[in-house]
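Undergrad:
There are 2 protein chains.
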Amino acid sequence: MSEALARKPLSVASATGAAAFSPLYQQIKDLLVQALDRGDWKPGEAIPSETELALRFQVSQGTVRKAVDELASENLLIRRQGKGTFVSTHHEARVRFRFLRLAPNQGEPQPAESQILDCKRIRASAEIARALELKVGDSVVAIRRLLSFAGVPTVVDDIYLPGALFKGLTADLLNGYVGPLYGFFETEFGVSMVRAEEKLRAVNADSEMSVLLGIPQDTPMLKVDRISFTYADRPVELRMGHYVTDRYHYRNSLN
Amino acid sequence: MSEALARKPLSVASATGAAAFSPLYQQIKDLLVQALDRGDWKPGEAIPSETELALRFQVSQGTVRKAVDELASENLLIRRQGKGTFVSTHHEARVRFRFLRLAPNQGEPQPAESQILDCKRIRASAEIARALELKVGDSVVAIRRLLSFAGVPTVVDDIYLPGALFKGLTADLLNGYVGPLYGFFETEFGVSMVRAEEKLRAVNADSEMSVLLGIPQDTPMLKVDRISFTYADRPVELRMGHYVTDRYHYRNSLN
DNA sequence: AAGTGGTCTAGACCACGTT
DNA sequence: ACGTGGTCTAGACCACTTT
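Chains A and B are the protein sequences, given in the same order. The first sequence maps to residues 0 to 254 in numbering that gives the first Met the number 0. The second sequence maps to residues 0 to 254 in numbering that gives the first Met the number 0.
(1) Taking a contact to mean a Cβ-Cβ separation below 8 Å, would you say R97 of chain B touches L253 of chain A in this structure?
(2) Around the C-beta of Q105 of chain A, are 16 or more other C-beta atoms found within 10 angstroms, so that it is buried, or is it exposed?
(3) If the cut-off is 7 Å on Cβ atoms, which residues from the stretch 178-202 of chain B count as contacting chain A, listed in chain order?
(4) Would you check whether the ligand FAD has a heavy atom nearer than 7 Å to the C-beta of A45 of chain A?
(5) Could you tell me which chain B residues have their CB closer than 8 Å to the CB of L212 of chain A, listed as they occur along the chain?
(6) Taking Cβ to Cβ, would you say C118 of chain A is nearer than 8 Å to L164 of chain A?
(7) Would you check if the stretch 80-96 of chain B and the stretch 201-215 of chain B touch, i.e. whether three or more CB-CB distances between them fall below 8 Å?
(8) Report yes or no: is there a C-beta of chain A within less than 8 Å of the C-beta of P219 of chain B?
(9) Which chain B residues sit within Cβ distance under 7 Å of H248 of chain A?
(10) Am I right that E44 of chain B and F85 of chain B are in contact with their C-beta atoms under 8 Å? What's the rounded C-beta distance?
(11) Less than 8 Å between CB atoms is the rule here; does N254 of chain A satisfy it with respect to chain B?
(12) Could you tell me the boundaries of the beta strand (DSSP E) in which V86 of chain A lies?
(13) Are the CB atoms of L160 of chain B and E236 of chain B within a distance shorter than 8 Å?
(14) Any beta carbon of chain B sitting closer than 8 Å to that of R238 of chain A?
(15) Would I46 of chain B pass as a contact of L75 of chain B if the rule is Cβ separation under 8 Å?
(16) At what residues does the beta strand (DSSP E) containing N203 of chain A begin and finish?
(17) Just by C-beta distance, which residues in the stretch 65-86 of chain B are closer than 8 Å to chain A?
(18) Are the C-beta of F98 of chain B and some C-beta of chain A separated by less than 8 Å?
(19) Could you have a look at V237 of chain B and say whether DSSP puts it in helix, strand or coil?
(20) Can you list, in chain order, the residues of its chain whose CB lies under 7 Å from that of A66 of chain B, leaving out five sequence neighbours each side?
(21) Which residues, in order along the stretch 142-153 of chain B, keep a beta-carbon less than 7 Å from a beta-carbon of chain A?
(22) Using DSSP's beta-bridge definition, name the partner residues of A141 of chain A.
(23) Are three or more beta carbon pairs between the stretch 236-249 of chain B and the stretch 45-64 of chain B nearer than 8 Å?
(24) Mind the definition here: the stretch 123-130 of chain A touches the stretch 142-155 of chain A only if three or more C-beta pairs lie below 8 Å; say whether that holds.
(25) Helix, strand or coil for I214 of chain A? Go by DSSP, reduced to three states.
(26) Note down, in chain order, every chain B residue with its Cβ under 8 Å from the Cβ of T229 of chain A.
(27) Please work out which residues of its chain come closer than 6 Å, Cβ to Cβ, to P103 of chain B, disregarding the five sequence neighbours upstream and downstream, and give them in chain order.
(28) Using the Cβ count rule (16 or more neighbours within 10 Å means buried), how would you classify A149 of chain B?
(29) Within 8 Å of any Cβ in chain B, is that where the Cβ of N251 of chain A sits?
(30) Does S21 of chain A pass the burial test, meaning 16 or more other C-beta atoms within 10 Å, or should it be called exposed?
(31) Find the residues of chain A that neighbour T88 of chain B, judging by a C-beta separation of less than 7 Å, and give them in chain order.
(32) What residue range is occupied by the uninterrupted alpha helix (DSSP H) comprising F96 of chain B?
(33) Would you say T50 of chain A lies against chain B (beta-carbon separation less than 8 Å)?
(34) Using the C-alpha atoms, what's the distance from G38 of chain A back to F56 of chain A?
(35) Where does the unbroken beta strand (DSSP E) through D224 of chain B begin, and where does it stop?
(36) Taking the alpha helix (DSSP H) that Y176 of chain A falls in, what are its first and last residues?
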C-alpha cells in the first residue's frame with residue numbers, strides 16, 4: 000500500500016489539441032496498472048476505495064469507477080460489494096479455471112495433482128527467446144511437470160521462465176508447495192499471470208510422452224502452446240503442454 | 000424498426016421490497032435483447048439513439064447507456080461514434096474470426112473456400128436432441144461441408160440445425176451463397192449466432208476423414224464440438240468439426 | 001448545423017458487509 | 001452507524017459523421 004501514485008499531471012483531451020490525448024479514465028487505468036505492476040497492492044489485497052482514488056487523482060468518483068470497471072472486466076481486479084475492490088489472485092478456484100481449460104467429459108472438474116519431473120537452468124533457444132522477448136542464450140528456468148486427475152496422468156507441461164525473474168527457483172521449492180503453479184509464482188516471485196495466448200494442435204504421442212503418460216505410442220494428443228503475460232503485457236512464461244483427451248476435453252467459449 | 004418496445008412497467012428495486020428486483024439497466028438490457036430476438040432491428044441496422052431509447056423507456060440516457068454498453072461488450076451490438084449503435088452481423092470479417100479460430104502457422108488468415116458435401120433432413124438422435132433441446136425424432140437439417148484454405152482441404156464440419164427454424168434449406172441454396180455460413184443463416188432464416196461453447200479433443204483420422212481430406216489414416220486431428228446459441232441463449236446449432244492442424248492451429252486467448 | 005456516441009461531473013440514494 | 005461498491009439522475013461539453 001504505497002503512497003507513490005502520481006498526483007496530477009492528468010490532462011483531458013483539449014478541443015483544439017494537437018497530439019493524441021487519451022480520456023481521463025484511460026490515464027487512470029494506466030496508472031492503476033502501473034501500480035499493480037510495481038506491486039503497490041499485492042494479489043488478494045484491497046486497493047483504495049473509489050472515493051479515496053478520486054481524491055488522489057483529483058477526478059470525480061465516476062471517472063475512477065469507469066477505470067476500475069474496465070480492470071475488473073479484464074479480471075485484474077475483483078469488486079466485492081460492501082467490502083472493496085481487490086487484486087485478483089490465482090489462489091482461488093474461480094480464477095484457476097480460467098487458465099486450466101481441461102474438464103472431464105463426465106462429472107465436475109476435480110483439482111489436479113501436480114508432480115515436478117524436472118527443474119533446471121538452461122540457455123534460451125531461438126524459439127524460447129522469441130516467445131519470452133529474451134536474447135538467445137539468456138538464462139531460462141525449464142520445468143517439466145506431470146498433472147494427474149483422479150490418479151490418471153493426463154498432462155505433461157514443459158514450462159520456460161525468464162531466469163532473471165525467477166532467481167532461486169528449484170525443484171525442491173516447487174515440490175514443497177501445494178496449490179496452483181501461478182499462485183506459487185505470485186507469492187514467491189511476485190509475478191502475476193494476467194492473460195495468455197494459446198495455439199492448439201493435434202499430434203501423436205512420441206515415445207517420451209508414451210512413457211510419461213502410460214499410453215500407447217501414436218495416441219492422438221492435444222498440444223497446447225501458451226505464452227502468458229503479466230501486467231504490462233510482458234511475456235513471462237512459455238508453456239508447451241501435451242494433453243490426453245480421451246476422458247477430458249479442452250473447453251472454450253466463443254463470444 | 001417496430002415500435003413495439005414496452006413503455007413503462009419498469010420498477011427500480013424498492014428498499015423494503017420483497018422479491019428479487021433487478022436494476023433498471025438490466026431490465027432495459029432484457030427488453031433490448033427481446034427486441035433483437037423478435038427481429039425489431041435486423042443485423043447491420045442501427046438501433047434507436049440513446050436519447051430516443053431513454054425517452055421510450057422513461058429513464059435517463061445514462062441508464063440506457065449502461066445497458067447498451069453491456070450488450071456491446073457481449074458483441075450483440077456495435078457502437079460507432081457519430082453514426083449510431085448497430086446490430087452485429089456475421090457479414091464482417093471482424094465478427095467472423097470470433098467464430099473461426101483456425102489460423103495459419105505462418106502468414107495472415109485467408110478466407111476459406113466452402114464446399115457443401117451433403118444436406119439432408121434427418122431425425123434427431125439422442126445426442127442431437129440433447130444438444131439442441133429438441134425431442135428425439137424431431138426434424139433436423141444435417142449438413143456436411145468441406146473447408147479449404149488456399150486450395151488445401153483442412154476442415155470437415157458436420158452441422159445439425161433444428162428443422163423448424165430452417166425450413167426450405169437445401170444444398171442448392173447453400174451452394175448458391177458466397178460468404179460465411181452464419182451470415183447466410185442470418186439473412187435467409189433470421190437466425191443470429193451470438194455465442195458458442197466448444198469442446199476440443201485430439202482424435203485419429205478414420206477412413207472417411209482420410210478420404211475427404213486427402214490425408215493418411217490415423218493422422219492426428221483436432222475434433223471440435225460446438226453448440227451455438229442465439230439471443231435468448233437458445234441452442235440452434237450443433238457442429239462437429241474435424242480439423243487438420245499441420246499447417247494451421249486453433250488460436251485462443253485466456254483472459 | 002445537427003445528430004450521434006463518448007467523457008466527465010456532482011449529487012442522491014440503495015444494497016451489502018462490518019463494526 | 002459507517003464505509004464500501006452499485007444504481008440512477010441531470011446536465012455540460014467533446015469528438016465524430018453526415019447534411
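The beta-carbon is built from N, C-alpha and C at its ideal position, and this holds for glycine as well. Model, not experiment: these values are computed from the prediction.
TA: So, from the listed chains and residues:
(1) Here residue 97 of chain B corresponds to residue number 98 of the second sequence, with the count starting at 1. Here residue 253 of chain A corresponds to residue number 254 of the first sequence, with the count starting at 1. Against a cut-off of 8 Å, the Cβ pair of L253 of chain A and R97 of chain B comes out as a contact.
(2) As a working note, residue 105 of chain A is residue 106 in the first sequence. Classification for Q105 of chain A: exposed.
(3) R194, A195, E196, E197, K198, L199, R200, A201, V202
(4) Looking at this structure, you won't find the ligand FAD or any other ligand, since it has none at all.
(5) What you label residue 212 of chain A is simply residue 213 of the first sequence in a count that begins at 1. By Cβ distance, chain B contributes nothing, its closest Cβ being about 13 Å from L212 of chain A, past 8 Å.
(6) Along the first sequence, read from residue 1 onward, the residue named residue 118 of chain A stands at position 119. Along the first sequence, read from residue 1 onward, the residue named residue 164 of chain A stands at position 165. Contact flag unset, no.
(7) Contact between the stretch 201-215 of chain B and the stretch 80-96 of chain B is absent, because fewer than three Cβ pairs lie under 8 Å.
(8) The residue given as residue 219 of chain B occupies position 220 in the second sequence. Yes, its Cβ sits closer than 8 Å to a Cβ of chain A.
(9) In the first sequence, residue 248 of chain A corresponds to position 249, counting from 1. Within chain B, the residues near H248 of chain A are K198, L199, R200.
(10) Counting from one through the second sequence, the residue named residue 44 of chain B turns up at place 45. Counting from one through the second sequence, the residue named residue 85 of chain B turns up at place 86. Right, their Cβ atoms sit about 7 Å apart.
(11) For this step, residue 254 of chain A is matched to residue 255 along the first sequence. Closer than 8 Å to some Cβ of chain B, the Cβ of N254 of chain A qualifies, so yes.
(12) The residue given as residue 86 of chain A occupies position 87 in the first sequence. Looking at the DSSP string, the run of the beta strand (DSSP E) that includes V86 of chain A is 83-86.
(13) Here residue 236 of chain B refers to the residue found at position 237 of the second sequence. Here residue 160 of chain B refers to the residue found at position 161 of the second sequence. With respect to the 8 Å criterion, E236 of chain B and L160 of chain B are classified as neighbours on the basis of their beta carbons.
(14) Looking up residue 238 of chain A in the first sequence gives position 239. Chain B contact via Cβ: absent.
(15) Position 47 of the second sequence, counted from the start, is the residue given in the question as residue 46 of chain B. Position 76 of the second sequence, counted from the start, is the residue given in the question as residue 75 of chain B. Against a cut-off of 8 Å, the Cβ pair of L75 of chain B and I46 of chain B comes out as no contact.
(16) Walking along the first sequence from the start, residue 203 of chain A turns up at place 204. First-last of the beta strand (DSSP E) with N203 of chain A: 194-203.
(17) Sequence-ordered contacts of the stretch 65-86 of chain B with chain A read S72, E73, N74 [C-beta pairs closer than 8 Å].
(18) On the second sequence, position 99 is the one that residue 98 of chain B refers to. Yes, its Cβ sits closer than 8 Å to a Cβ of chain A.
(19) Within the second sequence, numbered from 1, the residue matching residue 237 of chain B stands at position 238. One point to set straight first is that residue 237 of chain B is Leu, not Val, in the sequence displayed. Strand.
(20) As a working note, residue 66 of chain B is residue 67 in the second sequence. Taken in chain order, the residues that qualify are Y24, I27, K28, L31.
(21) none
(22) The residue given as residue 141 of chain A occupies position 142 in the first sequence. In the DSSP output, where bridge partners are listed per residue, A141 of chain A has A:K119, A:Y159.
(23) With a cut-off of 8 Å, the stretch 45-64 of chain B and the stretch 236-249 of chain B do not count as touching, because too few Cβ pairs lie within range.
(24) no
(25) For the purposes of this step, residue 214 of chain A is identified with residue 215 of the first sequence, where counting begins at 1. In this structure, I214 of chain A counts as coil in the three-state DSSP scheme.
(26) Taking the first sequence and counting its residues from 1, the one referred to as residue 229 of chain A is at position 230. In chain order: nothing, as chain B lies at least about 13 Å away.
(27) On the second sequence, residue 103 of chain B is found 104 positions in, with the first residue counted as 1. Result list for P103 of chain B: Y247, in chain order.
(28) Locating residue 149 of chain B in the second sequence gives position 150, counting from the first residue. Exposed, since its Cβ has fewer than 16 Cβ neighbours within 10 Å.
(29) Locating residue 251 of chain A in the first sequence gives position 252, where the first residue counts as 1. Cβ-Cβ to chain B under 8 Å: yes for N251 of chain A.
(30) Taking the first residue of the first sequence as 1, we reach residue 21 of chain A at position 22. Burial call: exposed.
(31) Taking the second sequence and counting its residues from 1, the one referred to as residue 88 of chain B is at position 89. Ordered by position in chain A, no residue passes the 7 Å Cβ test against T88 of chain B, which lies about 16 Å from the chain.
(32) On the second sequence, position 97 is the one that residue 96 of chain B refers to. Segment 92-98, the alpha helix (DSSP H) holding F96 of chain B.
(33) Within the first sequence, the letter at position 51 stands for residue 50 of chain A. Cβ-Cβ to chain B under 8 Å: no for T50 of chain A.
(34) Working through the first sequence from its first residue, we reach residue 56 of chain A at position 57. Working through the first sequence from its first residue, we reach residue 38 of chain A at position 39. In a straight line, the C-alpha of F56 of chain A is about 19 Å away from that of G38 of chain A.
(35) Position 225 of the second sequence holds residue 224 of chain B. First-last of the beta strand (DSSP E) with D224 of chain B: 219-228.
(36) For this step, residue 176 of chain A is matched to residue 177 along the first sequence. Note, Y176 of chain A: premise wrong, no alpha helix (DSSP H); not H, not E.
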